[in-house]
Structures are given as C-alpha cells and as structure tokens.
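Enquirer:
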C-alpha cells in the first residue's frame, strides 16, 4: 500500500489550521494512511501465526 496523495501538494493546498488539523484535515488523513500501512505490514509479517492461532481456537 502506498500513500494515496502527494504530501507536498496537499500542504500547498492548506490555507488554514482547520485544513491541517480539522475533522478531515491533512494530519488526520496522513495518520489514517500511516496506520493502514502499519497494520497491513503487521498482518503480512504475522499472517501464518494469525491463521494458526485462529485454527487452534476453532472448537
């Protein structure tokens, strides 16, 4: 997964603090992208152990 927007371009568009830190601001969108990338990488690295744990927990 790659970041779906260009940070430099998005920063240039931000004219107010609200556009940076608001409900749908750039920081929130960046945090969402980073969080998704971290979770995706974690799942890929631990996929086998997660599947094994799920198989062991099925009754």
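Residue numbers (UniProt numbering): 1 to 59.
In this text, a Cβ means the ideal position worked out from N, Cα and C, and glycines have one as well.
(1) Can you look up residue 57 in the DSSP assignment and give me helix, strand or coil?
(2) Is residue 21 closer than 7 Å to residue 27 when the C-beta atoms are compared?
(3) Compute the Euclidean distance between the alpha carbons of residue 4 and residue 37, then round it to the nearest angstrom.
(4) Do you know offhand how far residue 48's Cα is from residue 42's?
(5) The alpha helix (DSSP H) with residue 5 in it runs from where to where?
Expert: A quick look at the data gives this:
(1) helix
(2) yes
(3) 11 Å
(4) 11 Å
(5) Here residue 5 belongs to no alpha helix (DSSP H), and DSSP marks it neither H nor E.
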